[in-house]
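Notes follow once the structure below has been shown.
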Amino acid sequence: MALEVETRTADNGITVVAATGRLDVAGAPMLKEAISEVVKNGPPRIVIDMEGVSFVDSTGLGSVISALKQIRGSQGELRLAAPNQQARVVLELTTLDRVFPYYATVEEALTGF
Numbered sequence: 748m749a750l751e752v753e754t755r756t757a758d759n760g761i762t763v764v765a766a767t768g769r770l771d772v773a774g775a776p777m778l779k780e781a782i783s784e785v786v787k788n789g790p791p792r793i794v795i796d797m798e799g800v801s802f803v804d805s806t807g808l809g810s811v812i813s814a815l816k817q818i819r820g821s822q823g824e825l826r827l828a829a830p831n832q833q834a835r836v837v838l839e840l841t842t843l844d845r846v847f848p849y850y851a852t853v854e855e856a857l858t859g860f
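Residue numbers for the sequence shown follow the working numbering, so the first one is 748 and each next one is one higher.
The following block contains the structure:
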């Protein structure tokens, strides 16, 4: 399944980027484009909702790293929410779990931003 990306603004003004499908070589550009649109509007505070992401490969992970660099370069903050077990294992094996704070749910990620 190709990656689908939807963006919404939570009640506290934080942008939630919900991804559904495979975050791989085909889907990574869609995520990058969605993040770039949010960054244009000022210092971004973004949660990437990964609950619907079924698979992450190195290109998909690279798109998340690229998003982090772009967001931090704009004085913003990025959090990940609801990554599945495969995504968590990838984050832990690459030690990126130390770079990306990730939370069990979007609601947890939004708290205390």
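For each residue, glycine too, the CB sits at the ideal point set by N, CA and C.
Can you look up residue i in the DSSP assignment and give me helix, strand or coil?
| i | result |
| --- | --- |
| L770 | strand |
| L827 | strand |
| A757 | coil |
| V763 | strand |
| V846 | coil |
Since residue i and residue j should fall inside the 8 Å C-beta cutoff, what is the C-beta to C-beta distance between them, to a whole number of angstroms?
| i | j | result |
| --- | --- | --- |
| T852 | A828 | 6 Å |
| S801 | G768 | 6 Å |
| A781 | T754 | 6 Å |
| I793 | I818 | 6 Å |
| V752 | V764 | 6 Å |
Note down the Cα distance separating residue i from residue j, rounded to an integer number of angstroms.
| i | j | result |
| --- | --- | --- |
| V803 | L840 | 13 Å |
| L825 | L808 | 14 Å |
| A773 | G799 | 16 Å |
| M777 | E784 | 11 Å |
| I761 | Q832 | 25 Å |
| P830 | V837 | 10 Å |
| D771 | G859 | 30 Å |
| K816 | V786 | 11 Å |
| M748 | M797 | 14 Å |
| T842 | K779 | 22 Å |
- Counting only runs of 3+ residues fully inside the stretch 780-811, write out the beta strand (DSSP E) ranges in chain order. Complete beta strand (DSSP E) runs here, min 3: 792-803.
- Query: How about the stretch 809-816 and the stretch 840-852: do they share at least three Cβ pairs that are nearer than 8 Å?
  - Reply: Yes, the stretch 809-816 touches the stretch 840-852.
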